[in-house]
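If you're matching them up, the sequences are chains A and B in order.
Just so we're aligned, residue 4 is where the first sequence starts under my numbering, counting upward by one.
Just so we're aligned, residue 1479 is where the second sequence starts under my numbering, counting upward by one.
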Amino acid sequence: DAKTTQPPSMDCAEGRAANLPCNHSTISGNEYVYWYRQIHSQGPQYIIHGLKNNETNEMASLIITEDRKSSTLILPHATLRDTAVYYCIVRVATRAGNNRKLIWGLGTSLAVNP
Amino acid sequence: KAGVTQTPRYLIKTRGQQVTLSCSPISGHRSVSWYQQTPGQGLQFLFEYFSETQRNKGNFPGRFSGRQFSNSRSEMNVSTLELGDSALYLCASSLNGQETQYFGPGTRLLVL
């Protein structure tokens, strides 16, 4: 599975949009982009995933560039409860037993400030 | 639907002891994966179980083992604990292994 690159930390004002970038320049055609977040000392929480089209759910939007080499997770109106470490990973979602190859980096530590 | 549950949530052990951690997946999920997370490290894959069989294993010593029961619940065991085993141990379940994984709250293990 491809490796991802994320900035180590970001700040965002409460109520504003938080845009978290992720670079995955070596992504393969059958790899999905997944986003999770981890609030201090808890298990990672699934946010959203996508292949090549932009996706939106109740938590966030995922924008994937046309060449699929990078993506942006958008939290439209960040709240203090969105303060967490955000992980971007890529994985082949059609092959069982692939979790061992996932590369979880250190993610982006997002601080939402009042 | 109830989420992934892990017990215990916190555990303190001493070097040389062994420990067993438990994970109950989301109802209907048959794949359970275990991860270790230490400060400054990303999640490190331990192993994955599916239909009571270990399907994949990460690069951890044989002191780390696991099993899965017929109801998909899983346990992992660490024998002869070392100080470096202090970590957050996470369990994640998915339907069959290739779909989205959902994580439990983790078990925080402290080895003294």
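Glycine included, C-beta positions come from ideal geometry on N, C-alpha and C.
Would you please state the rounded distance, in angstroms, between the beta carbons of residue i and residue j? I believe it to be under 8 Å.
i, j, result
"residue 1509 of chain B", "residue 1549 of chain B", "That belief does not hold up - the Cβ atoms of residue 1509 of chain B and residue 1549 of chain B are roughly 14 Å apart, past 8 Å."
"residue 1498 of chain B", "residue 1577 of chain B", "Actually they do not touch by this definition, with Cβ atoms about 27 Å apart."
"residue 27 of chain A", "residue 59 of chain A", "So it is not a contact: roughly 20 Å between Cβ atoms."
"residue 1492 of chain B", "residue 1589 of chain B", "7 Å"
Can you list the residues of chain B that residue i reaches, using a CB-CB cut of under 7 Å?
i, result
"residue 109 of chain A", "1520"
"residue 52 of chain A", "1578"
"residue 65 of chain A", "Correct list: empty, because the minimum Cβ distance to chain B is about 13 Å."
Within this structure, are the beta carbons of residue i and residue j separated by less than 9 Å?
i, j, result
"residue 1535 of chain B", "residue 1525 of chain B", "yes"
"residue 1514 of chain B", "residue 1538 of chain B", "yes"
"residue 55 of chain A", "residue 40 of chain A", "no"
"residue 68 of chain A", "residue 91 of chain A", "no"
"residue 35 of chain A", "residue 93 of chain A", "yes"
"residue 9 of chain A", "residue 1584 of chain B", "no"
"residue 1484 of chain B", "residue 1501 of chain B", "yes"
"residue 1532 of chain B", "residue 1546 of chain B", "yes"
"residue 83 of chain A", "residue 14 of chain A", "no"
Who are residue i's beta bridge partners in DSSP?
i, result
"residue 1534 of chain B", "B:1526"
"residue 1547 of chain B", "In DSSP, residue 1547 of chain B forms no bridge with anything."
"residue 47 of chain A", "Answer is none; residue 47 of chain A lacks a bridge partner."
"residue 62 of chain A", "Partner(s): none; residue 62 of chain A has no beta bridge."
"residue 95 of chain A", "A:34"
"residue 14 of chain A", "A:114"
"residue 1576 of chain B", "Note: residue 1576 of chain B sits in no beta bridge, so no partner."
Would you report the Cα separation of residue i and residue j, rounded to the nearest angstrom?
i, j, result
"residue 1507 of chain B", "residue 50 of chain A", "19 Å"
"residue 109 of chain A", "residue 1517 of chain B", "10 Å"
"residue 79 of chain A", "residue 1587 of chain B", "36 Å"
"residue 1579 of chain B", "residue 1570 of chain B", "6 Å"
"residue 1481 of chain B", "residue 1544 of chain B", "21 Å"
"residue 1489 of chain B", "residue 76 of chain A", "35 Å"
"residue 73 of chain A", "residue 12 of chain A", "17 Å"
"residue 47 of chain A", "residue 115 of chain A", "18 Å"
"residue 117 of chain A", "residue 43 of chain A", "18 Å"
"residue 1487 of chain B", "residue 16 of chain A", "33 Å"
"residue 53 of chain A", "residue 1558 of chain B", "42 Å"
"residue 132 of chain A", "residue 1496 of chain B", "Since the displayed chain A opens at 4 and closes at 117, residue 132 of chain A lies outside it and no answer follows."
"residue 21 of chain A", "residue 61 of chain A", "15 Å"
For residue i, return the contacting residues in chain A, with the cut-off set at a CB-CB distance below 8 Å.
i, result
"residue 1568 of chain B", "46, 47"
Give me the chain A residues within the contact set of residue i, using Cβ-Cβ distance strictly less than 9 Å, ordered along the chain.
i, result
"residue 1586 of chain B", "44"
"residue 1582 of chain B", "46"
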